[in-house]
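Comments concern the structure below.
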Amino acid sequence: MEETCRSSSLFVNTVCQSLEADPQPTTDPDNVFCTLEEENSLYFTYSGQPNLIQVRDLNYQVNTEAQIPWYEKLAELKMPWEWNSGTDGQVTALKSLNLSVRSGQMLAMIGSSGSGKTSLLDIITCRDEGGRIKSGKVLINGVPTNRQLVKKCIAHVRQDDRLLPNLTVKETLAFIASLRLPKDFSAKQRNKRIEDVIAELRLRQCADTRIGNNVIRGVSGGERRRVSIAVQLLWNPGILILDEPTSGLDSFTAHNLVMTLSRLARGNRLVLMSLHQPRSDIFHLFDLVVLLSSGLTTYCGAAKDMVSYFTSIGCPCPRYCNPCDFYVDLTSIDRRSKEQEAKTQEKASSLASTFWEKVKDLDDYVWKPNDCNSLSNTVSERSTVSTFEEIIEMKSDTRDQLPGSLRQFTMLLRRQVSNDYRDLPTLIIHGLEAFLMSMLIGFLYYGQGGKELSLQDTVALLYMIGALTPFAVVLDVIAKCHSERAMLYHELEDGLYSVTTYFFAKLLGELPEHCVFVIVYGVPIYWLSALRPESGPFLLNFLMLWLVVYCSRAMALWVAAMLPTLQLSSFFGNAFFTTFYLTGGFVISLENMWTVATWFSHISFLRWGFEGLLQIQFVGSVYSISMGNLTLPITGMDILTGLDMDEEPLYLCYLILSAICIAFLTLYYLSLRFIKQKSRQDW
């Protein structure tokens, strides 16, 4: 037996010596995910002043009734004065919250859904809606948070990635750099910044790959999330705030992403994020952790000390269990029944009270173990806080010298054209749609054997030319606007450009597509239908059709900007178009319309387009009509008089259509400017 033990001991010693001599086979789990070079390299550090975020005794209340959109309240058959009646919808989302985090640290807020994580991020970034701060304050470098301060020093990465799908990673960053970096940056400096960010976010392997979406193949989900972070990192912010950055990612990709964020924090940045339940190897990457439960703080301190804290209060983590999973489950509110909800709420309140008793006398409200080293760390951290609080005035930021409106307009125009005209499948579908409609109608009226169309057929053809294709344009434009909405409002919130700049870039960028669409639709149908063959009437007809289709496009832009969802915009766009269609003077004559319908006919672009097309076709022509054995001549003006379409001359039809276009575009601009849609409220 002794000989066996001696042999075993000798074997163990030999193995240990061999491991010490050859340290390459390591059990460090991080080596599974990255190389040593990737872990330690910092390509892009923050060299500005250190930053400090402090939350002090914050109590935040949310009105859940106000969070319900107005169209859902209408579905409940409530009158507008009943929407915000009573106080039943008042919910306290955050209760006496205290935390401090500074440059060089990465803080993660964890907790179950509804615990207040996103609410806190929205308060810090001044993007909270439907709530109010009852008491407390949020300080950035000792200054109460405000929108101007947030724009100067905070980059906010939202939960959803909103990027143009047809641009490559490098092109996306190049366009953002042109809009966001100071105007005194040279092209060489911008390119250097882009390359640094690409290297820092490990995007070199996909720099020339399209972003993609659910339809277009592009970068992976993890790479897309890194691009969203890179977009915010371009202007080198000192504070990076992320809302659930690992949501929707697999465990391997999520781990690599958090390692990237940890590396950014080591580059002298302050990183603050919200997460649900990170796995154990991700959890150990955090410097600080805040565990929230129904707005209450049950723990705030170092991630490595979390288990020892809960063990000290009688809640040890079971062996082989992820501490994060265990303690999030421990503090979650069970709402399956009122009894369970009351029981779990009482437990969470007890844990929050226990934590408060342990940290209420500390300056930073961060729990630390009671040993000498931790005590010295506490003293040094407190002195650091006092040093941070001396930094009250923010230095002048280079973001104050952003590119002017002309450069913003130029870059937005280039970006839109690049994205739209790379989407060949959509362009081909729209072109085929217009061409097929043109050919179907043209061949329907073709084959008359050289005979002229009857007056009735000609009138029907002219109305169909002006009224058929605008309906498809309305639906296409509304769908496209809603697909771009979230990105638009995110970029407007970040101050990349103004509403006015976007408005003009949007209109000018879509003009080529609009012109090609009208040409593909209007030219074949005109010549196949044997309308007046002279060049003058053809050009006038094309211009009239161009204005009618553009009116429908302008109306669709207005409806999409005015209403909050795709379904509502499609419904009202269809309703407006149908109203203009019915009051256009063909379905029922203008003289037989009742008063309200007549009012609508005056603003119906289909009516004025129809009247203009009739005048182009009939004025100056003489036709023959047969009445029994008699053949009588009839002038074009007689036909217009019989149709009640001779009220205004042709030039006035063009002017009225132009005025309607301008009116719709003005409403579109005002909707963009003053109707604040939620960027996350889309489809």
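Sequential numbering of the sequence shown, starting at 1, is according to full-length UniProt numbering. Just so it is clear, CB atoms sit at the ideal spot from N, CA and C, and this is done for glycine as well.
Between the CA atoms of residue j and residue i - distance to the nearest angstrom
| i | j | result |
| --- | --- | --- |
| residue 164 | residue 94 | 35 Å |
| residue 472 | residue 276 | 43 Å |
| residue 161 | residue 533 | 53 Å |
| residue 54 | residue 575 | 51 Å |
| residue 644 | residue 602 | 13 Å |
| residue 322 | residue 108 | 16 Å |
| residue 569 | residue 147 | 30 Å |
| residue 652 | residue 594 | 24 Å |
| residue 614 | residue 484 | 38 Å |
| residue 257 | residue 577 | 48 Å |
| residue 610 | residue 465 | 9 Å |
| residue 495 | residue 235 | 12 Å |
| residue 318 | residue 280 | 13 Å |
| residue 178 | residue 185 | 9 Å |
| residue 457 | residue 669 | 40 Å |
| residue 346 | residue 474 | 55 Å |
| residue 44 | residue 207 | 17 Å |
| residue 337 | residue 344 | 11 Å |
| residue 692 | residue 158 | This structure does not reach residue 692, given that the chain is present from 1 up to 683, and the question cannot be answered. |
| residue 363 | residue 56 | 10 Å |
| residue 175 | residue 415 | 7 Å |
Residue i: first and last residue of the uninterrupted beta strand (DSSP E) it sits in
| i | result |
| --- | --- |
| residue 102 | 90-102 |
| residue 132 | 131-140 |
| residue 293 | 288-293 |
| residue 274 | 270-275 |
| residue 300 | 296-302 |
| residue 110 | 106-110 |
| residue 633 | 630-635 |
Test: residue i CB closer than 8 Å to a CB of chain C
| i | result |
| --- | --- |
| residue 630 | Protein chains in the displayed structure number just one, and chain C is not present. |
Delimiting residues of the alpha helix (DSSP H) encompassing residue i
| i | result |
| --- | --- |
| residue 422 | From DSSP, residue 422 is part of no alpha helix (DSSP H); its letter is neither H nor E. |
| residue 643 | Careful: residue 643 lies outside any alpha helix (DSSP H) and carries neither H nor E. |
| residue 59 | Run containing residue 59: none in the alpha helix (DSSP H); it sits in the beta strand (DSSP E), 52-63. |
| residue 153 | 147-153 |
| residue 342 | 338-359 |
| residue 660 | 650-674 |
| residue 486 | 469-493 |
| residue 505 | 499-528 |
| residue 331 | 323-331 |
| residue 118 | 117-124 |
| residue 311 | 306-312 |
| residue 281 | 280-283 |
Rounded Cβ spacing between residue i and residue j (contact assumed at less than 8 Å)
| i | j | result |
| --- | --- | --- |
| residue 241 | residue 224 | That belief does not hold up - the Cβ atoms of residue 241 and residue 224 are roughly 19 Å apart, past 8 Å. |
| residue 324 | residue 278 | 6 Å |
| residue 526 | residue 541 | 6 Å |
| residue 537 | residue 441 | That belief does not hold up - the Cβ atoms of residue 537 and residue 441 are roughly 18 Å apart, past 8 Å. |
| residue 295 | residue 116 | 4 Å |
| residue 631 | residue 600 | Not quite, the Cβ-Cβ distance comes to about 40 Å (not below 8 Å), so this is no contact. |
| residue 445 | residue 461 | 6 Å |
| residue 401 | residue 182 | 5 Å |
| residue 46 | residue 238 | 5 Å |
| residue 554 | residue 413 | Not a contact, Cβ separation roughly 18 Å. |
| residue 621 | residue 636 | 5 Å |
| residue 251 | residue 285 | No, residue 251 and residue 285 are not in contact; Cβ-Cβ is about 13 Å, not under 8 Å. |
| residue 105 | residue 287 | 4 Å |
| residue 138 | residue 144 | 7 Å |
| residue 134 | residue 59 | 4 Å |
Touching or not, the segment 340-356 and the segment 287-299, by the rule of three or more beta carbon pairs under 8 Å?
Touching, yes, given that three or more Cβ pairs across the two stretches are closer than 8 Å.
Are the segment 119-134 and the segment 305-323 in contact at 8 Å, needing three or more beta carbon pairs?
No, they do not touch.
Could you tell me which uninterrupted alpha helix (DSSP H) segments, each at least 4 residues in length, are contained entirely in the segment 552-624, listed from first to last along the chain?
Counting whole runs of 4 or more residues, the segment 552-624 contains the alpha helix (DSSP H) stretches 566-582, 595-602, 605-618.
Contiguous alpha helix (DSSP H) assignments of at least 4 residues, all confined to the segment 217-255:
Within the segment 217-255, the complete alpha helix (DSSP H) runs of at least 4 residues are 221-233.
Say whether the segment 498-513 touches the segment 586-593, bearing in mind that this needs 3 or more beta-carbon pairs closer than 8 Å, one atom from each stretch.
The answer is no - the segment 586-593 does not touch the segment 498-513, with fewer than three Cβ pairs under 8 Å.
Check whether the segment 557-574 and the segment 477-490 touch, using three or more Cβ-Cβ pairs below 8 Å as the test.
Taking 8 Å as the limit for Cβ pairs, the verdict is that the segment 477-490 does touch the segment 557-574.
I'd like the ranges of any beta strand (DSSP E) spanning at least 3 consecutive residues and lying wholly in the segment 153-217.
List check, beta strand (DSSP E) in window: 154-157.
Three or more C-beta pairs below 8 Å linking the segment 190-209 and the segment 226-233
Three or more pairs of CB atoms, one per stretch, sit closer than 8 Å, so the segment 190-209 contacts the segment 226-233.
Contact between the segment 326-333 and the segment 266-275 is defined here as three or more beta-carbon pairs at a separation below 8 Å; is this criterion met?
Taking one beta carbon from each stretch, the segment 326-333 and the segment 266-275 have fewer than 3 pairs nearer than 8 Å; the two do not touch.
Assess, as a yes-or-no matter, whether the segment 419-438 is touched by the segment 163-178 under the definition of 3 or more beta carbon pairs within less than 8 Å.
At 8 Å Cβ cutoff, the stretches touch.
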